[in-house]
Amino acid sequence: MTATDGHRMASDVYDAHALQEKWQARWRANNPFVASEDPADDRPRRYVVDMFAYPSGDLHMGHAEAFAIGDIIARYWFQRGENVLHPIGWDSFGLPAENAAIKNGTHPAEWTYANIETQAQSFQRYGVSVDWTRRLHTSDPEYYRWNQWLFLRFFERGLAYRKEGLVNWCPQDQTVLANEQVVQGLCERCDTPVVRRSLNQWYFKITEYADRLLDDMHQLEGGRWSEDVLTMQRNWIGRSYGADVEFRIEGRDEPVTVYTTRPDTLYGATFFVVAADAALAEELCAPDRRDELDTYREQVAKLSDIERQSTERPKTGVFLGRYATNPVNGERLPIWAADYVLAEYGHGAIMAVPAHDQRDLDFALKFDLPVRNVVDTGDADPAETGVATTGDGILVNSGPLDGLTKDDAVERIIGILQERGTGQGAVNYRLRDWLLSRQRFWGTPIPIIHCPDCGEVPVPDDQLPVRLPDNLKGADLAPKGVSPLAAATDWVNVSCPKCGGDAKRDTDTMDTFVDSSWYFLRYCSPNLDTAPFEKERVDRWGPVDQYIGGKEHATLHLLYARFFVKVLYDMGMVGFTEPFARLLNQGQVINGGRAMSKSLGNGVDLGEEIERYGVDAVRLTMIFAGPPEDDIDWADVSPGASLKFLNRAFRVMVQAGAATQPGTDPSTGDLTLRKATHHALDQVTKAVEAYRFNVAVARIMELVTAARKTIDSGPGAADPAVREAAEVVAITLSLVAPYVAEEGWERLGHTGSVTIGNWRTPDPALLVQESVTCVVQVANKVRDKLEVSPDISEEELQRRALASERVQGFIGDREIRKVVVRPPKLVNIVVG
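Numbering (full-length UniProt numbering), first residue to last: 1 to 832.
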């Protein structure tokens with residue numbers, strides 16, 4: 001039976017579509033989810049934010065899961081009578097809109113705002129409890145004006161700068177990508193292999209905050225953020241301790257500095273490697289080797305960083321015809337250019353210690369270079385096995401370091417280097433500055449004017465926003481290797497704000513991750529036109545109490561947002577240093593064990609599922625499928641079963657409402673049902689607060705079954721305990737299935753929204769269990785069940801289990817090897 005049959009059903013049958021229309025209109029009229037800004041409102045404030053959607057079409061199954069999860073948390077806080085801020089917005093700049101405009105011959109705004117309206121209507125239909133008065137779109141000039149304003153504040157502090165450097169280039173999208181936007185060597189947007197090229201680009205100096213990004217993680221530990229995300233950020237920042245070592249180069253006045261985490265292995269260095277694409281390689285190359293180096297660099301430019309560092313690829317390189325001098329033993333080390341060293345790591349050059357680094361060893365064996373073991377780990381000689389020994393051990397073949405352990409040797413060699421003036425202890429990071437220039441149109445214009453006399457000149461604040469031109473569309477936006485804005489000469493050519501001479505606007509736009517690095521602050525004062533946000537309001541609501549979104553943003557959006565908040569804290573604009581107090585990552589919605597894809601033919605259309613089963617059933621199915629962090633396989637779930645349950649729950653509420661009045665004293669009702677009700681309320685509360693929403697749904701289902709049993713076999717729906725149970729069903733079910741809950745609450749005779757301030761506290765007296773059932777297993781099979789006291793001791797429970805005649809019969813003559821006791825519910829007897 002489908003939800004669309006509702007118009008032909010009796011009044012006690014849940015009609016999904018009719019109720020959706022009714023309650024959407026009611027919510028629009030009453031605005032029950034608007035957050036209060038009254039300073040006199042002393043209710044606890046709660047701020048919950050869902051990672052906002054990109055308007056690439058209508059909502060999909062992934063949106064359905066993520067926003068259902070966020071809605072449970074918001075509705076639970078609404079139910080607790082708290083002042084909740086749950087806003088909504090759209091991350092509306094970006095390549096998909098621009099590509100669609102090129103294809104359709106239109107302006108990106110047309111596609112973007114049409115899709116936003118489609119999604120907004122779908123969010124309303126989906127019953128998400130958001131404050132629509134705070135809606136924002138990052139492509140609005142009123143929003144991106146403040147992107148530009150913040151950029152200029154970063155520029156003033158030296159945190160925004162422009163430099164020539166090697167960048168990741170997507171040949172398909174004709175734009176640069178940050179390192180975080182390259183996935184397995186491919187563009188994250190279009191899966192095109194990424195290449196390297198040298199360009200002059202804008203950067204944010206996120207590296208200046210590397211230590212604070214690491215050290216402040218103590219605020220996020222203890223279950224506030226998942227350990228997976230914290231580990232990914234730690235690894236991405238990649239703080240390491242070692243030494244900067246100076247190597248003299250024959251024929252060069254200045255030494256070359258190398259960073260190494262293992263200065264204790266200096267005596268094992270047998271050659272020197274420079275990143276092939278670094279300027280240093282060209283500088284150190286002997287004249288007769290230039291042609292060979294140039295050819296090699298052309299090959300390297302076609303590789304991504306991930307490909308270059310892969311241990312699976314055969315090693316390649318070019319000898320540069322020059323030598324470096326090892327500062328500890330004076331040995332001449334041949335200098336090679338190779339692709340497995342990156343220009344951005346350390347100083348773009350390494351000392352190669354092949355005995356103790358696998359990539360160095362593979363290179364040495366490929367080009368017949370020496371291998372010298374300087375750490376005795378007890379393993380076989382790497383030159384013979386082809387396997388580098390990377391563990392700790394005792395130093396050998398290392399002069400004054402012989403016999404020392406690694407830590408002692410590191411300390412000793414750094415002291416020696418410092419005494420000789422050839423090195424010092426150092427800290428290095430894997431993290432690189434945030435590359436934010438994009439050579440595309442649909443983004444925030446960078447508010448800098450280039451003057452031949454004055455250099456880089458900020459656009460004055462009173463001239464913000466620098467708006468995108470309206471006359472570019474379709475073919476004008478096609479990728480050309482430079483920003484399409486360069487062709488808008490009327491827009492580009494301006495007067496210099498300093499000298500008044502002829503100048504040009506910067507034609508790059510900002511990475512859209514700039515937009516999403518502070519939007520949660522703008523929600524606090526979305527219509528403010530004198531600043532990005534009002535500090536008093538941000539500090540009143542922030543940091544965000546609960547943030548919901550995908551783990552795939554660990555080293556992108558989440559890292560950038562943390563960086564932004566730290567800068568804003570230093571500027572005195574916010575009073576906290578971490579943006580999101582708690583983070584919940586949802587899994588993916590898959591189908592048949594695989595990610596949904598048109599090419600695989602396994603896509604599931606959210607709109608069709610809602611049309612068939614109704615919003616409540618789809619939401620309930622999403623939540624009941626498993627813990628929020630797990631993937632949901634739509635092939636394994638049953639929205640049809642969810643719809644049947646909702647009908648049962650609805651009938652319980654309707655029948656209780658018809659038989660009794662609000663305010664009926666439940667104390668005279670069926671005691672067994674009353675205990676079940678308060679137990680369910682207690683368990684749902686604990687499950688929601690622990691993010692185990694599927695467990696909460698299971699407890700609600702059990703309560704509906706208990707209420708149904710009392711109605712059918714006891715005193716019926718007139719029993720006061722049935723009303724109490726029905727009201728708790730409506731209150732708790734409102735977190736997951738808002739339409740049936742609102743209607744059920746009204747049928748129970750109540751006015752106002754069920755979601756606002758109705759959560760109840762279980763009666764401790766009704767939670768006391770006189771006895772519980774203990775399962776006794778022999779060899780993992782249930783052999784008896786005992787009724788025992790809830791506070792029975794482990795010793796007493798084991799004694800009673802072993803005394804059971806049924807249990808003894810199954811043990812027989814076998815030896816009892818172990819007895820596992822989990823009071824009060826389980827005893828497992830392991831026999832030989």
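Just so it is clear, CB atoms sit at the ideal spot from N, CA and C, and this is done for glycine as well.
If you're wondering where the values come from, they're calculated on a predicted model, not measured in any experiment.
Collapsed DSSP secondary structure at residue i in the structure displayed
{"i": "TYR691", "result": "coil"}
{"i": "ILE711", "result": "helix"}
{"i": "LEU703", "result": "helix"}
{"i": "GLU65", "result": "helix"}
{"i": "VAL750", "result": "Looking at the sequence shown, residue 750 is not Val but His. It is coil, neither helix nor strand."}
{"i": "HIS17", "result": "helix"}
{"i": "ALA352", "result": "strand"}
{"i": "PHE319", "result": "strand"}
{"i": "ALA554", "result": "coil"}
{"i": "THR664", "result": "coil"}
{"i": "ALA10", "result": "Because the pLDDT of ALA10 is 49, which lies under 50, any placement of that residue in the model is unreliable, and the number read from its coordinates should be weighed accordingly. Looking at ALA10 - three-state DSSP - the assignment turns out to be coil, as it is neither helix nor strand."}
{"i": "LEU342", "result": "coil"}
{"i": "ARG162", "result": "strand"}
{"i": "GLY809", "result": "helix"}
{"i": "VAL538", "result": "helix"}
{"i": "GLY423", "result": "strand"}
{"i": "ILE632", "result": "strand"}
{"i": "THR672", "result": "helix"}
{"i": "VAL684", "result": "helix"}
{"i": "LEU735", "result": "coil"}
Heavy atom of the ligand GDP within 7 Å of residue i beta-carbon
{"i": "VAL195", "result": "You won't find the ligand GDP in this model; it holds no ligand whatsoever."}
Reference residue i, options the options, closest by Cα
{"i": "LEU748", "options": "ILE711, SER667, THR660, ARG822", "result": "THR660"}
{"i": "ARG313", "options": "TYR340, LYS825, VAL183", "result": "TYR340"}
{"i": "GLU629", "options": "GLN655, PRO465, ASP228, ASP665", "result": "ASP228"}
{"i": "TRP518", "options": "LEU136, TRP23, ALA676", "result": "LEU136"}
{"i": "GLY730", "options": "ARG157, MET571, GLN683, LEU646", "result": "The amino acid at residue 730 is misidentified as Gly; the sequence shows Ala. With distances taken between Cα atoms, ALA730 lies closest to LEU646."}
{"i": "VAL736", "options": "VAL697, LYS103, PRO715", "result": "VAL697"}
{"i": "TYR323", "options": "PHE272, TRP111, ASP470", "result": "PHE272"}
{"i": "ARG290", "options": "GLY105, TRP336, SER804, GLY330", "result": "TRP336"}
{"i": "SER734", "options": "GLN463, GLN79, GLY62, ALA29", "result": "GLN79"}
{"i": "LEU293", "options": "ARG708, VAL274, ASN694", "result": "VAL274"}
{"i": "TRP759", "options": "VAL831, HIS678, VAL819, VAL768", "result": "HIS678"}
{"i": "MET51", "options": "GLU794, ARG540, ALA561", "result": "ALA561"}
{"i": "VAL772", "options": "ALA486, LEU826, GLY348, PHE441", "result": "LEU826"}
{"i": "LEU166", "options": "VAL300, ALA676, ALA656", "result": "VAL300"}
{"i": "ASP12", "options": "ASP763, GLY752, GLY657", "result": "GLY657"}
{"i": "ALA68", "options": "ARG817, PHE693, ARG708, ASP763", "result": "PHE693"}
With 16 other Cβ atoms within 10 Å as the buried cut-off, status of residue i
{"i": "TYR14", "result": "buried"}
{"i": "ASN83", "result": "buried"}
{"i": "residue 835", "result": "The structure shown has nothing for residue 835, since the chain only spans 1 to 832."}
{"i": "GLN808", "result": "exposed"}
{"i": "GLY70", "result": "buried"}
{"i": "GLY81", "result": "exposed"}
{"i": "ARG467", "result": "exposed"}
{"i": "ARG8", "result": "With a pLDDT of only 35 at ARG8, under the threshold of 50, the placement of this residue in the model should not be trusted, and no figure is reported."}
{"i": "MET571", "result": "exposed"}
{"i": "GLU787", "result": "exposed"}
{"i": "CYS499", "result": "exposed"}
{"i": "THR133", "result": "exposed"}
Cross-strand partners of residue i (DSSP beta bridge)
{"i": "MET510", "result": "SER437"}
{"i": "VAL830", "result": "LYS818"}
{"i": "PRO458", "result": "ILE448"}
{"i": "PHE367", "result": "Answer is none; PHE367 lacks a bridge partner."}
{"i": "THR175", "result": "CYS170"}
{"i": "HIS137", "result": "TRP90"}
{"i": "THR405", "result": "ILE394"}
{"i": "ARG799", "result": "Note: ARG799 sits in no beta bridge, so no partner."}
{"i": "GLY549", "result": "ASN585"}
{"i": "ALA324", "result": "ILE249, LEU333"}
Can you give, in chain order, each stretch of the alpha helix (DSSP H) that sits fully within the stretch 560-619 and has at least 4 residues? 606-613
Which complete beta strand (DSSP E) runs does the stretch 229-314 hold, if anything under 3 residues is left out? 240-249, 256-260, 271-275
Note down, one range per segment and in chain order, each beta strand (DSSP E) of at least 3 residues found wholly within the stretch 31-64.
-> 45-50
Counting only runs that start and end within the stretch 184-216, where is the alpha helix (DSSP H) found for 4 or more residues in a row? 210-215
key: Ordered list of beta strand (DSSP E) runs contained in the stretch 464-527, each at least 3 residues   = 493-495, 502-505
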